[in-house]
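Engineer: Residue numbers (my numbering): 573 to 1100.
The beta carbon of each residue, even a glycine, is placed where N, CA and C say it ideally should be.
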C-alpha cells in the first residue's frame, strides 16, 4: 500500500528529471569532444567565426547549431538537471518538516543528502565541460579555493587540473560527469528506495492510521499514477527546453583565464558558496610561522560545510535530545513541532541570505545602491535573520496549536451572536465531528527532560547538556486536550439553556448584531 499526498511526489519529480537528464546526456556524448586542443571555429555562428577555441568549445557550438535537435538536447539536459536538484531540495524540506527522518529512516535521510550533493557536483562538472567564458571563470574560483586549503591545497589543485590550468580540468571532470557521479546518484537512489520498502511508506496521521498499518492505494494504481506524473514532468521539460534558452555559450565566447563576463555568477544551486565568500570582510587572513591562511576563502567554505554536516546529523541530534529511540511511521504536522519548524525556517533564512549575496553586485547595480551597503545589510541579515525566523515560526506554530485546541474543544466560529434568556450574550460554534477533532488533537507533546543521576547518584555533564537543550526544544508547548476534558466540555455545552437571537439594535435585514466583545461559549482559558 502507498499513501497518497501531493508532497510525496517531489522524489518522483526528481526521478523523472534524472531519467531525462541521463537519456539526453547519452545523446550529447556522441557529439561532444572533451579535448583542449586549440582549433579555429569555422561554424555558422558569424560573430565567433575565425576565433581560436578548444575542441570542447567548438564541438559544443557544432552540437548547438549544426546537429539536428542538438540545442534541444543541450537545453533539455540542463533544465532537467536543475529541476532534479530543485526537487531534491523540496524533498529534503518535506522530510524535515514532517519528521520523516526519525528512526528507522536515518539512513534514507543521509542518502537523500548524498543524492543532492552528488547532483550538485554533477551539475557543476557539467558546467565546466563547454569550456566557455563562464566555465573558465568558475574554474578560476575553484582553483583559488583549492589552493587556500592549508598544507595540501597546492597538491589538490595540481591533481585536479593535472598540472595545466585551466585546460587540464576537462580531462578530470569529464569521466566524473559521465560515469562516476551518475552512478553515485543512482546508488543513493537505490538506498532510498530500499529503505522505503524495508520500513514501509510513511503517512500523515488520520483516523484509521497507526504506526502498525499503511492506508493508501495498492501497488498497481499507485505505480500508474506515479508513471503518469513522470511522463507529465518529461513533457513539461521538453516544452521548457524548446522555448527557454539556458547556458547560451555563443554569447559568452571561449574560456580565457585573463577575462571574466560582467554580471556573471555561480550556478544557482551553488550560489550560496559564492555568496558566503562575498560576505567575508576583505583582507581577512592571518600569518602563522610564515604561512598565510586566507580566511576570506577558508571560513566561507568551512561555514557552508558545517551547515550541511549539521543538517545530515540532525536526526541523531534530535533523537539524543528527546531520548526518543522508538520507530516512527506516522508523519508530524509542522505546527505540532514548533522548535523543529523554527530550526528549519532559520536554516532556510540562513541559506537564502547566502544565496542572495551571490547577486549583491547585480542588486546594487539595478537598484542604484552602493555595493558596500548591500553587503553590510546582508551581513547583518545573516546573523539576525535566522534568529528572527526561528522566533516568528515557533510563535506561529504555537498559535496554530492553540487555535486547533480551541476548535477541538468549542467548535468552529460561526459569527452568530445570540442572547440567552438571562440576557447573557454568547457566540454560536459549529460542532466538530470526531474525525476532525482526532486530526486536530491527536499528536504528541513531549515534556522537557530532567537530568537523571547515574548509579552513583551523580548528574553527569552529558545529562545536564541534554536537559538544557530539551528545555529549549519542549518548554513552550501546547498540550492537546484529553478525552475526559473533551467529554466534560461537550456535556457542559449540551446542558446549557437554549439561546435566542438578540433583538437589541436590530439591522434592517433582520440579522442579529455581532458583538465582538461577547465572550465565547465555554469560556475556557487556553493560554499556556
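(1) Among 879, 656 and 607, whose alpha-carbon lies nearest the alpha-carbon of residue 923?
(2) Is residue 984 helix, strand or coil when you go by DSSP?
(3) Counting only the same chain and skipping the five closest in sequence on each side, list residues whose C-beta sits under 7 Å from that of residue 925.
(4) Among residues of its own chain, excluding the 5 on either side of residue 932, which ones have a beta-carbon nearer than 7 Å to its beta-carbon?
(5) Out of 684, 771 and 731, which has the shortest C-alpha to C-alpha gap to residue 756?
(6) Might you give, ordered along the chain, the residues of its own chain that have their beta carbon closer than 6 Å to the beta carbon of residue 1031, omitting 5 neighbours on each side?
(7) Note down the Cα distance separating residue 873 from residue 710, rounded to an integer number of angstroms.
(8) Count the other C-beta atoms from every protein chain shown that fall within 10 angstroms of the C-beta of residue 656, then say buried if there are 16 or more, exposed otherwise.
(9) Please identify the residue among 786, 766, 765 and 581 whose C-alpha is closest to the C-alpha of residue 775.
(10) Pull up the distance between the alpha-carbon of residue 777 and that of residue 1015, whole angstroms please.
(11) So within the region 851-929, which uninterrupted alpha helix (DSSP H) runs reach at least 4 residues, ignoring any that extend past its ends?
(12) Would residue 767 and residue 680 qualify as a contact pair, given that the criterion is a beta-carbon distance under 7 Å?
(13) Quick check on this structure: which residue in 985, 1011 and 894 has the alpha carbon closest to the alpha carbon of residue 999?
(14) To the nearest angstrom, how far is the alpha carbon of residue 638 from that of residue 721?
(15) Taking buried to mean at least 16 other C-beta atoms within 10 Å of its own C-beta, is residue 1068 buried or exposed?
(16) Using only the alpha-carbon positions, how far apart do residue 713 and residue 737 sit?
(17) Using the beta-carbon count (16 or more within 10 Å), is residue 601 buried or exposed?
(18) Quick one, are the C-beta atoms of residue 1043 and residue 1020 less than 7 Å apart?
(19) Does residue 663 come out as helix, strand or coil in the three-state DSSP assignment?
(20) Return the residue from the list 842, 801 and 707 that minimises the CA-CA distance to residue 690.
(21) Taking residue 704 and residue 827 to be in contact with their CB atoms under 8 Å, please state how far apart those CB atoms are, rounded to whole angstroms.
(22) Note down the Cα distance separating residue 816 from residue 693, rounded to an integer number of angstroms.
(23) Considering just the uninterrupted stretch of the beta strand (DSSP E) at residue 1000, what are its terminal residues?
(24) Could you check if residue 708 is buried or exposed, using at least 16 other CB atoms within 10 Å of its CB as the buried criterion?
(25) For the alpha helix (DSSP H) holding residue 626, just list the boundary residues, first then last.
(26) By how many angstroms is the C-alpha of residue 1039 removed from the C-alpha of residue 962?
(27) Can you tell me the Cα-Cα spacing of residue 582 and residue 686, whole angstroms?
(28) Looking at the structure shown, is residue 967 part of a helix, part of a strand, or coil, going by DSSP?
(29) For residue 789, write down the residues that DSSP places opposite it in a beta bridge.
(30) DSSP puts residue 610 in a beta bridge; with which residues?
(31) Can at least three beta-carbon pairs, one atom from the region 790-800 and one from the region 662-669, be found at a separation below 8 Å?
(32) Comparing C-alpha positions only, which one of 864, 805 and 614 sits nearest to residue 584?
(33) Quick check: the Cα distance between residue 996 and residue 989, rounded to an integer number of angstroms?
(34) Do you know offhand how far residue 728's Cα is from residue 717's?
(35) Using the three-state DSSP reduction, which class does residue 1088 fall into: helix, strand or coil?
(36) Tell me which same chain residues have a C-beta within less than 7 Å of the C-beta of residue 1053, skipping the five on either side of it?
Structural biologist: Let's see:
(1) As a working note, residue 923 is residue 351 in the chain shown. With distances taken between Cα atoms, residue 923 lies closest to 879.
(2) Working through the chain shown from its first residue, we reach residue 984 at position 412. In the three-state scheme derived from DSSP, where H, G and I count as helix and E and B as strand, residue 984 is classed as strand.
(3) Taking the chain shown and counting its residues from 1, the one referred to as residue 925 is at position 353. So the qualifying residues of the chain are 950, 953, 954 and 957.
(4) One-based indexing of the chain shown puts residue 932 at position 360. Around residue 932: 850, 943, 946, 947 and 950.
(5) Taking the first residue of the chain shown as position 1, residue 756 is located at position 184. The candidate whose alpha carbon is nearest that of residue 756 is 684.
(6) Counting from 1 along the chain shown, the entry for residue 1031 is found at position 459. Once the five neighbours on either side are set aside, the close Cβ partners of residue 1031 are 1023 and 1025.
(7) Translated into the one-based positions of the chain shown, residue 873 becomes position 301. Translated into the one-based positions of the chain shown, residue 710 becomes position 138. Rounded to the nearest angstrom, the two C-alpha atoms are 15 Å apart.
(8) Reading the chain shown from its first residue, position 84 is the one you call residue 656. Answer is buried; the Cβ neighbour count reaches 16.
(9) Along the chain shown, one-based indexing puts residue 775 at 203. Ranking the options by Cα distance to residue 775, first place goes to 786.
(10) To locate residue 777, count along the chain shown from 1; it is residue 205. To locate residue 1015, count along the chain shown from 1; it is residue 443. One C-alpha to the other measures close to 9 Å.
(11) 867-894 and 910-929
(12) Within the chain shown, the letter at position 195 stands for residue 767. Within the chain shown, the letter at position 108 stands for residue 680. Cβ distance < 7 Å, so residue 767 and residue 680 count as in contact.
(13) As a first step, residue 999 is located in the chain shown; it is residue number 427 there, counting from the start. Measuring from the Cα of residue 999, the nearest candidate turns out to be 985.
(14) For this step, residue 638 is matched to residue 66 along the chain shown. For this step, residue 721 is matched to residue 149 along the chain shown. Distance between the alpha carbons of residue 638 and residue 721: 43 Å.
(15) Sequence index remark: in the chain shown, residue 1068 carries index 496 (1-based). Unreliable positioning characterises residue 1068 in this predicted model, as indicated by a pLDDT of 48, which lies under 50. A coordinate reading is not provided.
(16) Start at 1 with the first residue of the chain shown, and residue 713 comes out as number 141. Start at 1 with the first residue of the chain shown, and residue 737 comes out as number 165. So the alpha carbons of these two residues sit roughly 12 Å apart.
(17) To locate residue 601, count along the chain shown from 1; it is residue 29. Exposed, by the Cβ-count rule.
(18) Locating residue 1043 in the chain shown gives position 471, where the first residue counts as 1. Locating residue 1020 in the chain shown gives position 448, where the first residue counts as 1. In contact: residue 1043 and residue 1020 (Cβ atoms closer than 7 Å).
(19) Position 91 of the chain shown, counted from the start, is the residue given in the question as residue 663. Note: residue 663 maps to helix in three-state DSSP.
(20) Along the chain shown, read from residue 1 onward, the residue named residue 690 stands at position 118. The residue with the shortest Cα to Cα distance from residue 690 is 842.
(21) In the chain shown, residue 704 corresponds to position 132, counting from 1. In the chain shown, residue 827 corresponds to position 255, counting from 1. Confirmed, Cβ separation roughly 6 Å.
(22) Within the chain shown, the letter at position 244 stands for residue 816. Within the chain shown, the letter at position 121 stands for residue 693. Taking the straight line from one Cα to the other gives about 24 Å.
(23) Here the question's residue 1000 lines up with position 428 in the chain shown. Here the beta strand (DSSP E) through residue 1000 covers 997-1002.
(24) In the chain shown, the residue the question calls residue 708 occupies position 136. Buried, because 16 or more other Cβ atoms sit within 10 Å of the Cβ of residue 708.
(25) In the chain shown, residue 626 corresponds to position 54, counting from 1. No alpha helix (DSSP H) holds residue 626; the beta strand (DSSP E) holding it covers 624-626.
(26) As a working note, residue 962 is residue 390 in the chain shown. As a working note, residue 1039 is residue 467 in the chain shown. In a straight line, the C-alpha of residue 962 is about 20 Å away from that of residue 1039.
(27) As a first step, residue 582 is located in the chain shown; it is residue number 10 there, counting from the start. As a first step, residue 686 is located in the chain shown; it is residue number 114 there, counting from the start. The straight-line gap from Cα to Cα measures roughly 16 Å.
(28) Position 395 of the chain shown, counted from the first residue, corresponds to residue 967. The answer is helix: DSSP assigns residue 967 an H, G or I state.
(29) Position 217 of the chain shown holds residue 789. Residue 789 pairs with 574.
(30) Here residue 610 corresponds to residue number 38 of the chain shown, with the count starting at 1. Its beta-bridge partners are 626.
(31) no
(32) Locating residue 584 in the chain shown gives position 12, counting from the first residue. For residue 584, the nearest C-alpha among the options comes from 805.
(33) Counting from one through the chain shown, the residue named residue 996 turns up at place 424. Counting from one through the chain shown, the residue named residue 989 turns up at place 417. If I take the Cα positions, the gap works out to 10 Å.
(34) The residue given as residue 728 occupies position 156 in the chain shown. The residue given as residue 717 occupies position 145 in the chain shown. Cα to Cα, the separation comes out at about 10 Å.
(35) What you label residue 1088 is simply residue 516 of the chain shown in a count that begins at 1. Any reading at residue 1088 needs caution, since the residue's pLDDT is 38, under 50, leaving its predicted position unreliable; the model's value is listed next. Here residue 1088 sits in coil by DSSP.
(36) Locating residue 1053 in the chain shown gives position 481, counting from the first residue. Excluding positions up to five away in sequence, the list reads 977, 980, 981 and 1013.
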